[in-house]
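Since the structure comes first, as structure tokens, the remarks are kept for the end.
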Amino acid sequence: MASGLINPNPIIYKKKDRRPRTLSSDENDVEPIDLQEIFDILFSNSIDPEHPKSLEELGVVTEEGIEVDDQKSYVRVTFKPTMEHCSMATLIGLCIRVKLMRSLPSRYKVDIRVAPGSHATEAAVNKQLNDKERVSVVLENPTLVDIIDECLTPSYD
Amino acid sequence: MELKEIQTLEGHTDRVWSLDWNPATGHSGIPLLFASCSGDKTVRVWEQNTLSSNLFTCKAVLDETHTRTVRSCAWSPSGKLLATASFDATTAIWENVGGDFECVSTLEGHENEVKCVCWNASGNLLATCSRDKSVWIWEVEQGNEVECVSVLQGHTQDVKMVKWHPTMDVLFSCSYDNTVKVWADEGESDDWQCVQTLGEPNNGHTSTVWAISFNASGDKMVTCSDDLTLKVWETANIGIQSGGQFAPWRHLCTLTGYHDRTIFSVHWSREGILASGAADDAIRLFVDNNESEVGGPLFKLLSKKEKAHGMDINCVQWSPGEKPLLASASDDGTIKVWELTS
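Sequence lines, in order, name chains A and B.
Quick note: the first sequence, position 113, residue 113 per UniProt numbering, numbers continuous.
Quick note: the second sequence, position 148, residue 148 per UniProt numbering, numbers continuous.
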């Protein structure tokens, strides 16, 4: 990814300090999935392949952009591509979807959306990211899966 | 009236995309049989044991032919041939030879993922559609020789489903471009043209149209969409067979406010019950609203089965036969068989 960075100088946002997750002492307790867990899932990666920074540091996903309802098994992530014409928007959205698919129980319904006004072809990107047949076609393509996996390599900073 | 589960069928190791009942079964003492296809690249054939339990067992697994997801499967009207469409860009035709399924033909031509395959009423024509935006019509000749007779361009995005009219050689296709297109062979033979487009300007859908189904007489059809509605369409003069004037379809009504997530499948039973399967894991049944006053809703919700599956429902299909069963296929990898009880 060294050649031809689309956005060579992104603004870097500060990571928020968060309380560490308190684990229940009783193993039989069913831990509902909460906002914090979604943060842990999404912010543990340097998701943008152009920049070894987390989605949070790049300002792509913020706390306000995540909505979770464990009772309804529902998560909605609204993300902001790093540039208005960012050609990576679909890829970033796919990475978010794949990361959540791999981390959440199968009962979960996930909607991924581009923040209103943040992307030139907002409606087209949203439709693509939420058409599961198109997503499944991508996930059968080894080259694209490699790219997504590369984006999802854990960051250790 | 409500749906009662009679069986959960396990065997597929990935999401089940579609299923099709064999139309030559379920009557004259022939046990019901259907095929299902999956992201696990296989097709499974399931048969009812009418001698004892009335439960279904897997009679055959069709593998090692498709190299990617099998998205759609369809029995020929005689029930002797099974066509399967795959993301590997091919469509295969299988023949049942003494209980074994042999791949007798492979249809190549689409540039990429084939999403649906469908036989016409007389079984001499096949239609396929693809992410490459095209719809192909194939002629099936003696000895299972298959030849492409027409490539139909017109959709601007991937085509999700093709469906032949139940009695006439008129083809319907629906797409990610939000429209339904009607194709007919109007003049000389194999001169297939788009004769009508049902889109937003004629009260059509505002997002991807996933499926189409006809009522028994063929004068009404229902479509389902990512816009969370079902739409019912009607036409006149269906009695006039080929050669007659094409009668355009018009919007009859929209069933809105019932679904919360994308509706992937809709199927109209011969008894007039509409079943829908959706990404909210529920199966809903609708019937004609006989008490409807003028201007009132034409269809009403008969019942809703919440959590019919643990994940999205991709396909619902009523069986042939006198007391039809409903089968549903899901992302959870299972197929469920339901009966309608009062």
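Cβ atoms here follow ideal geometry from the backbone N, Cα and C, with glycine treated the same way.
In this text the structure is predicted, and so the values were computed from the model without any measurement.
Own chain residues within Cβ distance below 7 Å of residue i, not counting five before or after
{"i": "Ala-2/A", "result": "Per-residue confidence for Ala-2/A stands at a pLDDT of 41, beneath the threshold of 50, marking its modelled position as unreliable; the derived number appears in the next sentence. Within the same chain, Ala-2/A has no close Cβ partners at all."}
{"i": "Asn-120/B", "result": "Trp-164, Asp-169"}
{"i": "Trp-268/B", "result": "Ser-213, Phe-214, Asn-215, Val-222, Leu-274"}
{"i": "Leu-255/B", "result": "Thr-229, Leu-230, Phe-286, Phe-299"}
{"i": "Glu-5/B", "result": "Lys-336, Trp-338"}
{"i": "Tyr-54/B", "result": "According to the sequence as given, residue 54/B is Asn; it is not Tyr. The answer, listed in chain order, is Gln-48."}
{"i": "Asp-331/B", "result": "Arg-15, Met-311, Asp-312, Asn-314"}
Residue nearest to residue i in terms of C-alpha spacing, selected from the options
{"i": "Gly-98/B", "options": "Ala-89/B, Ala-85/B, Leu-152/B, Lys-80/B", "result": "Lys-80/B"}
{"i": "Ser-103/A", "options": "Ile-92/A, Glu-122/A, Phe-39/A", "result": "Phe-39/A"}
{"i": "Phe-101/B", "options": "Lys-59/B, Ser-173/B, Lys-133/B", "result": "Lys-59/B"}
{"i": "Cys-37/B", "options": "Asp-190/B, Leu-9/B, Trp-138/B", "result": "Leu-9/B"}
{"i": "Cys-73/B", "options": "Ser-303/B, Thr-42/B, Leu-230/B", "result": "Thr-42/B"}
{"i": "Gly-333/B", "options": "Gln-7/B, Gly-11/B, Ile-6/B, Gln-317/B", "result": "Gly-11/B"}
{"i": "Ser-134/B", "options": "Ser-76/B, Asp-158/B, Glu-108/B", "result": "Asp-158/B"}
{"i": "Trp-210/B", "options": "Ile-93/B, Cys-129/B, Cys-148/B", "result": "Cys-129/B"}
{"i": "Ala-120/A", "options": "Glu-64/A, Met-88/A, Leu-35/A, Glu-37/A", "result": "Met-88/A"}
{"i": "residue 162/A", "options": "Ala-115/A, Asn-126/A, Tyr-13/A", "result": "In the structure as shown, chain A begins at 1 and stops at 157. Residue 162/A is therefore absent and cannot be evaluated."}
{"i": "Val-68/A", "options": "Ser-118/A, Asp-131/A, Pro-32/A, Glu-140/A", "result": "Pro-32/A"}
{"i": "residue 344/B", "options": "Ala-124/A, Gln-71/A, Gly-93/A", "result": "With chain B covering only 1 through 342, there is no way to say anything about residue 344/B."}
{"i": "Phe-56/B", "options": "Trp-138/B, Phe-34/B, Ser-330/B", "result": "Phe-34/B"}
{"i": "Ala-127/B", "options": "Gln-142/B, Ala-85/B, Ser-328/B", "result": "Ala-85/B"}
{"i": "Ile-66/A", "options": "Thr-90/A, Ser-44/A, Arg-76/A, Ile-96/A", "result": "Arg-76/A"}
{"i": "Arg-71/B", "options": "Leu-32/B, Gly-295/B, Ser-53/B, Trp-17/B", "result": "Trp-17/B"}
{"i": "Asn-144/B", "options": "Cys-103/B, Asp-132/B, Arg-131/B", "result": "Cys-103/B"}
{"i": "Ser-52/B", "options": "Pro-31/B, Arg-44/B, Arg-270/B, Thr-65/B", "result": "Pro-31/B"}
{"i": "Cys-95/A", "options": "Asp-131/A, Ile-11/A, Lys-15/A, Cys-151/A", "result": "Cys-151/A"}
{"i": "Trp-338/B", "options": "Asn-178/B, Trp-318/B, Glu-64/B, Ser-330/B", "result": "Trp-318/B"}
{"i": "Pro-23/B", "options": "Ser-207/B, Arg-270/B, Lys-160/B, Glu-139/B", "result": "Arg-270/B"}
{"i": "Trp-192/B", "options": "Lys-160/B, Gln-153/B, Asp-219/B, Thr-208/B", "result": "Gln-153/B"}
{"i": "Gly-117/A", "options": "Pro-81/A, Val-61/A, Glu-63/A, Ser-73/A", "result": "Pro-81/A"}
{"i": "Asn-126/A", "options": "Pro-105/A, Tyr-74/A, Asp-70/A, Leu-91/A", "result": "Leu-91/A"}
Supposed close pair residue i, residue j - CB separation, criterion 8 Å
{"i": "Ser-213/B", "j": "Val-266/B", "result": "5 Å"}
{"i": "Leu-62/B", "j": "Leu-340/B", "result": "About 30 Å; that fails the 8 Å criterion."}
{"i": "Gly-277/B", "j": "Arg-107/A", "result": "Contact flag wrong, Cβ pair sits at about 17 Å."}
{"i": "Val-146/B", "j": "Trp-136/B", "result": "Actually they are not in contact, since the Cβ atoms of Val-146/B and Trp-136/B sit about 11 Å apart, beyond 8 Å."}
{"i": "Leu-82/B", "j": "Trp-94/B", "result": "4 Å"}
{"i": "Phe-264/B", "j": "Asn-314/B", "result": "5 Å"}
{"i": "Val-282/B", "j": "Ala-308/B", "result": "Here residue 282/B is Ala; the residue named in the question, Val, does not match the sequence. Contact holds; Cβ gap of about 6 Å."}
{"i": "Thr-25/B", "j": "Pro-320/B", "result": "7 Å"}
{"i": "Leu-42/A", "j": "Lys-99/A", "result": "6 Å"}
{"i": "Arg-131/B", "j": "Val-137/A", "result": "7 Å"}
{"i": "Cys-148/B", "j": "Gly-109/B", "result": "6 Å"}
Collapsed DSSP secondary structure at residue i in the structure displayed
{"i": "Met-1/A", "result": "Caution is warranted here: a pLDDT of 39 is assigned to Met-1/A, below 50, making its placement in the model unreliable, and no coordinate value can be reported."}
{"i": "Asp-40/A", "result": "helix"}
{"i": "Asn-49/B", "result": "coil"}
{"i": "Thr-143/A", "result": "helix"}
{"i": "Arg-261/B", "result": "coil"}
{"i": "Lys-15/A", "result": "coil"}
{"i": "Val-135/A", "result": "helix"}
{"i": "Thr-90/A", "result": "helix"}
{"i": "Gln-71/A", "result": "coil"}
{"i": "Met-311/B", "result": "coil"}
{"i": "Val-125/A", "result": "helix"}
{"i": "Gln-153/B", "result": "coil"}
{"i": "Met-101/A", "result": "helix"}
{"i": "Asp-149/A", "result": "helix"}
{"i": "Leu-35/A", "result": "helix"}
{"i": "Gly-199/B", "result": "coil"}
{"i": "Glu-147/B", "result": "strand"}
{"i": "Gly-99/B", "result": "coil"}
Spatial neighbours of residue i in its chain, beta-carbon cut-off 6 Å, leaving aside the 5 residues before and after
{"i": "Thr-69/B", "result": "Gly-39, Phe-87"}
{"i": "Val-285/B", "result": "Before going on, a small fix: residue 285/B reads as Leu here, not Val. Same-chain partners within the cutoff: Ile-273, Ala-275, Leu-302, Ser-303."}
{"i": "Val-195/B", "result": "Val-182, Ala-184, Phe-246"}
{"i": "Ala-279/B", "result": "Arg-261, Thr-262, Asp-312"}
{"i": "Thr-78/A", "result": "Gly-65, Arg-113, Ala-115"}
{"i": "residue 343/B", "result": "Nothing can be reported for residue 343/B: it is not among the residues displayed for chain B, which extend from 1 to 342."}
{"i": "Thr-156/B", "result": "Asp-177"}
{"i": "His-66/B", "result": "Lys-41, Ser-86, Asp-88"}
{"i": "Cys-118/B", "result": "Ala-74, Ala-127, Val-162, Lys-163, Trp-164"}
Own chain residues within Cβ distance below 8 Å of residue i, not counting five before or after
{"i": "Phe-172/B", "result": "Val-162, Lys-163, Trp-164, His-165, Val-180, Lys-181, Val-182, Trp-183, Ile-212, Met-221"}
{"i": "Arg-97/A", "result": "Val-110, Ile-112, Leu-129, Val-135"}
{"i": "Asn-141/A", "result": "none"}
The ligand SAH heavy atom lying under 7 Å from the CB of residue i
{"i": "Asp-88/B", "result": "No copy of the ligand SAH occurs in the structure displayed, which carries no ligand at all."}
(Q) Taking 8 Å as the cut-off, does the segment 136-151 of chain A touch the segment 109-125 of chain A (at least 3 CB pairs, one atom from each stretch)? (A) no
(Q) If contact is defined by three or more beta carbon pairs under 8 Å, each pair taking one atom from either stretch, is the segment 246-253 of chain B in contact with the segment 193-205 of chain B? (A) yes
Q: Could you tell me whether the segment 77-94 of chain B touches the segment 113-128 of chain B, using the rule of 3 or more Cβ pairs below 8 Å?
A: yes
(Q) Can you confirm whether the segment 255-269 of chain B touches the segment 216-230 of chain B when touching is taken to mean that 3 or more C-beta pairs between the two stretches lie within less than 8 Å? (A) yes
Q) Taking a cut of 9 Å between CB atoms, which residues from the UniProt repeat "WD" (152-183) of chain B lie near chain E? A) The structure shown has no chain E; the protein chains it does contain are A and B.
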